[in-house]
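Peer 1: Taking my numbering, the leading residue of the sequence shown gets 59, the next gets one more, and so forth.
Pasting a structure below so you can have a look.
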Amino acid sequence: MIEQRTMTESWWKRGYGWELLAAFVTGVVLMQFIHLDSRGFTGDRVGLPGFDAWYHVKMAELLPEIGFVREFPWLRHVYFREEGRDFVSHHAGFHVFLAPFVAISKALTGDPAAGGRWAISLSFGVSLLLMQLLLMIGRVPWRWVFLLVFLLFPSDFFLRHSYVRAISPSLVLMLALLVFLFLRRPLWAGVTIALYNLLYLGAVMFSPVIVVVFVAASLVGPKEDRRVEWKMALATLTGWVAGVLLYPYREGMLEFLRLQVFGSGLTPDIAVGREWNSYGNVWEFAVESCGPLLAVWAAAVTLRLRFGPRLSARDTTLLVLQFGYLVLTLKAQRFIEYWPPMCLLSAAYLSAPVLVRLSAWMSEAAARRGPAVRGAMLAAGVLGFAGLSIVAAWRGRATLAQNPVLRDWAVWCAAGGLFLLGALCVGGGGAAGGRKGWGVPLLGAGFCAGCAGIATFVFGVDVTATGKLVSPLLAGGVVMAAFLLSCVLRRRHGAEAEVVADVVAPTFARRAGRTIFALSVLTLTISLTAGRLAHAHRVSDCRYDVPAVRHVMNALKEASQPGDVVFTDDWDIFPAYFYFNSHNHYIVGLDPKFTQWRDPELWARYVKISRGETRDPDVTVAVRNESGAYVNKDIHVRLEDIRDLFGCRFVVTDRDHQGLSRLLSERPDLAELIYPSTDYKQAKDAPYLLFRMLDGEPETSSPTAPASGAQVVSKKGGRTRLRVVEAP
59 MIEQRTMTES
69 WWKRGYGWEL
79 LAAFVTGVVL
89 MQFIHLDSRG
99 FTGDRVGLPG
109 FDAWYHVKMA
119 ELLPEIGFVR
129 EFPWLRHVYF
139 REEGRDFVSH
149 HAGFHVFLAP
159 FVAISKALTG
169 DPAAGGRWAI
179 SLSFGVSLLL
189 MQLLLMIGRV
199 PWRWVFLLVF
209 LLFPSDFFLR
219 HSYVRAISPS
229 LVLMLALLVF
239 LFLRRPLWAG
249 VTIALYNLLY
259 LGAVMFSPVI
269 VVVFVAASLV
279 GPKEDRRVEW
289 KMALATLTGW
299 VAGVLLYPYR
309 EGMLEFLRLQ
319 VFGSGLTPDI
329 AVGREWNSYG
339 NVWEFAVESC
349 GPLLAVWAAA
359 VTLRLRFGPR
369 LSARDTTLLV
379 LQFGYLVLTL
389 KAQRFIEYWP
399 PMCLLSAAYL
409 SAPVLVRLSA
419 WMSEAAARRG
429 PAVRGAMLAA
439 GVLGFAGLSI
449 VAAWRGRATL
459 AQNPVLRDWA
469 VWCAAGGLFL
479 LGALCVGGGG
489 AAGGRKGWGV
499 PLLGAGFCAG
509 CAGIATFVFG
519 VDVTATGKLV
529 SPLLAGGVVM
539 AAFLLSCVLR
549 RRHGAEAEVV
559 ADVVAPTFAR
569 RAGRTIFALS
579 VLTLTISLTA
589 GRLAHAHRVS
599 DCRYDVPAVR
609 HVMNALKEAS
619 QPGDVVFTDD
629 WDIFPAYFYF
639 NSHNHYIVGL
649 DPKFTQWRDP
659 ELWARYVKIS
669 RGETRDPDVT
679 VAVRNESGAY
689 VNKDIHVRLE
699 DIRDLFGCRF
709 VVTDRDHQGL
719 SRLLSERPDL
729 AELIYPSTDY
739 KQAKDAPYLL
749 FRMLDGEPET
759 SSPTAPASGA
769 QVVSKKGGRT
779 RLRVVEAP
């Protein structure tokens, strides 16, 4: 009876808006916490997590000035297409999305990077909101349990989503597409796919797979759920085509994707970014990192197989997507950004019918046993769980000062109060007015006030280490406001509350017990997941010494002319240098494959020189001959190649590449140190060194010939540069 009513009534209910708002705020607070520097840095000293984030923020900052560029002059030896110098960006829409955040941040704080962090925090909050919305659409009971499981996601998931990249916005549109598919809204699904393709080029592959899986699942589901989704297929195909045709770089789209996904990503033949590597230890990944999530999913599968019913189109879609993303995650670590949400949603949908029946059985059993037994069972459960929470907190008290998640309990109390706001609105109005109607919120407010008072006046906790909420009293006030607000909001549900109170509303004791129980569960879950969140918080710190990078780039701009080419000691440093200095041009960056596939000889020279290995100058390189077959070729690498073949006037090195800086310091005829001083022995341990290349005799020909063609031409002062020309 209860199951039938639950599955046939409208999925949207009063109070869901507050629940979605709570989920959104929880996601934003969580990501803002991860973005805060664990070392205590503030302002523009915080920087950005990862490598590519600097490039994306800079492109968003330059977008109003340069638009969608057709060539990318800042990288002289990077090729995005098989021929020519045409630029292909697979984040064009993402840069448009970032641009207003970056502009506002720059105007308000002078730091464009902060705008990038704001955009990602907002996207992460929306993605959590959409996950909660999907649980509502699937009529999943006990949704707060799955939200708590979300906090137990692998730390790599939170770390990946902290990057200022298209990861979080991509997940937002992926979840939005599932929402419109499940609600069977073809028009909105088509619009979502078009926007997804415009945001991020990877959507060209992701979105069709999701739609095909859903359409196929609709054909093979249970009889009552089986249908031919031809409108959905037509609308989404139209949206996909529109997104492709409107994409600013559609001409080079297929070439770029083929190289990015298969050449650099899934089947690399050179060293690429760590994100494309697989998880080496599958046991550690499955048990230590993803153990709670996989356990929940396995339990859901077992319950569904045991108790039924058959899988619906939604269930099948999420099940197939979770398997697909799991396989991709095992192949490349970067897909950890998509698999956990799909796994959690799959577990929720698989277990929903069983949980509905379980809830009905528990209610009937409690009704048969009488109020006294129900009260005793509830009290035992609440007190037992609260006791476990207190024991867990007491045992971990020694780590409170070191663990930023537990240390900043004030933030999590505020988020917890907002999380419970929707339930409190309904629970507080469950009785027909009077003292009982106000009881739960007042009890919760008093409980929070008591905790805040004890923390402040007994233990003397005045200020949290990172100052997110300045004191326990303020944190307690925030949560008290959430509880008391529910007292006001409950009046808006007065008539409905009276009906509910007479039929299914819990008693005051049960409401109070459930509230305390939920707070205890939230506290214990945060304690358990503290290590994961703390790891993501710590690892997301900026990898660079931001003031040092800014200073060396300022020195470079002062010493150089616009467009002078700079030799960098690693390919992944380009985004940070580009962010602080778009005055100069660089040689390689973004992805090593973009250089190696067109000019393997030049790439081999770069690797040899950047590692400081020119004392052993000979290297064998696999190059393509005229017929396209690969043959081995011996080349001789010299330090002079920096000037003569790469056409660089300056070299920047860091502490990790002292081999190169030492070689340059030993060649006063070739290079001179100009920053931070002219004495190499004194400056060798500085974060960054800047060398100026001296003019030399030009060569008459180039020992390397990239596939697109290249020639060396003489420039001013006898210095030579490599000029790339089109192949005949």
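Glycine included, every Cβ here is placed at the ideal spot set by N, Cα and C.
Using the DSSP secondary-structure output, state which residues sit across from D692 in a beta bridge.
Peer 2: In DSSP, D692 forms a bridge with T678.
Peer 1: Which one of W355, L303, R103, P227 has the shortest CA to CA distance from P788?
Peer 2: There is simply no residue 788 to check, as the chain begins at 59 and stops at 786 in what is shown.
Peer 1: Looking only at C-alpha atoms, which of R701, V679, W397, L88 sits nearest to Y644?
Peer 2: Selected option, being the one with the closest Cα: R701.
Peer 1: In the DSSP assignment, find the beta strand (DSSP E) that holds V710 and state where it starts and stops.
Peer 2: From DSSP, the beta strand (DSSP E) with V710 extends over 708-712.
Peer 1: Roughly how many whole angstroms lie between the Cα atoms of Y664 and P633?
Peer 2: One C-alpha to the other measures close to 18 Å.
Peer 1: Run through the segment 715-761 for me and flag every whole alpha helix (DSSP H) of 4 or more residues, listed as ranges in chain order.
Peer 2: You should have 716-723, 738-741.
Peer 1: For H114, count neighbouring Cβ atoms within 10 angstroms of its own Cβ and tell me buried if that reaches 16, exposed if not.
Peer 2: Classification for H114: buried.
Peer 1: Along the beta strand (DSSP E) that carries T626, what are the first and last residues, could you check?
Peer 2: Start and end: 623-626.
Peer 1: Compute the distance between the beta-carbons of K666 and V679, then report whether it is under 8 Å.
Peer 2: The answer is no: Cβ separation not under 8 Å.
Peer 1: Quick check on the DSSP output: the alpha helix (DSSP H) that includes R218 runs from which residue to which?
Peer 2: Segment 213-220, the alpha helix (DSSP H) holding R218.
Peer 1: Which residue's Cα is closest to the Cα of L245: V222, E287, P620, R372?
Peer 2: Minimum Cα distance to L245 is reached at E287.
Peer 1: Determine the extent of the alpha helix (DSSP H) in which S228 is found, giving its start and end residues.
Peer 2: Residues 225-240.
Peer 1: Taking C-alpha atoms, which residue in V154, F152, L133 lies nearest to D144?
Peer 2: The shortest Cα separation from D144 among V154, F152, L133 belongs to L133.
Peer 1: Report yes if the CB atom of L217 is closer than 8 Å to the CB atom of A594, and no otherwise.
Peer 2: A contact, by the Cβ cut-off of 8 Å.
Peer 1: Buried or exposed, going by whether 16 or more other CB atoms sit within 10 Å of the CB of N339?
Peer 2: Its Cβ having fewer than 16 others within 10 Å, N339 is exposed.
Peer 1: Would you check if there are 3 or more beta carbon pairs closer than 8 Å linking the segment 367-382 to the segment 205-223?
Peer 2: Too few Cβ pairs lie closer than 8 Å, so no.
Peer 1: Round the Cβ separation of F155 and A172 to the nearest angstrom and send it over; I've been treating them as touching at under 8 Å.
Peer 2: With 8 Å as the limit, F155 and A172 do not qualify as a contact, their Cβ atoms being about 16 Å apart.
Peer 1: Rounded to whole angstroms, what's the CA-CA distance from I195 to F272? Just pull it up for me.
Peer 2: Cα-Cα distance, rounded: 16 Å.
Peer 1: Say whether the segment 183-202 touches the segment 359-368, bearing in mind that this needs 3 or more beta-carbon pairs closer than 8 Å, one atom from each stretch.
Peer 2: The segment 183-202, when compared against the segment 359-368, does not touch it at the 8 Å Cβ threshold.
Peer 1: Look at the alpha carbon of V127 and the alpha carbon of H641, and state the distance between them as a whole number of angstroms.
Peer 2: Using only the alpha carbons, I get a separation of about 16 Å.
Peer 1: What separation, rounded to the nearest whole angstrom, lies between the Cα atoms of L722 and P306?
Peer 2: So the alpha carbons of these two residues sit roughly 42 Å apart.
Peer 1: Would you identify the three-state DSSP class for S68, choosing helix, strand or coil?
Peer 2: Looking at S68 - three-state DSSP - the assignment turns out to be coil, as it is neither helix nor strand.
Peer 1: Which residue wins for smallest C-alpha separation from M89, given the options R596, L408, M611?
Peer 2: Answer by Cα proximity: R596.
Peer 1: Hey, quick one: how far does the alpha helix (DSSP H) through L637 stretch, first residue to last?
Peer 2: Checking the sequence shown, residue 637 turns out to be Tyr, not Leu. Segment 632-638, the alpha helix (DSSP H) holding Y637.
Peer 1: By the DSSP assignment, the alpha helix (DSSP H) with Y254 in it spans what residues?
Peer 2: Counting along the chain, the alpha helix (DSSP H) containing Y254 begins and ends at 244-257.
Peer 1: Tell me which residue opens and which closes the alpha helix (DSSP H) that Q190 is part of.
Peer 2: Counting along the chain, the alpha helix (DSSP H) containing Q190 begins and ends at 170-195.
Peer 1: According to DSSP, what are the bridge partners of D144?
Peer 2: Its beta-bridge partners are E129.
Peer 1: Could you pull the DSSP bridge partners for H643 from this structure?
Peer 2: DSSP lists V623 as partners of H643.
Peer 1: Whose CA, out of A118, Q740, P745, A371, lies closest to the CA of M611?
Peer 2: Of the listed residues, the one whose Cα sits closest to M611 is P745.
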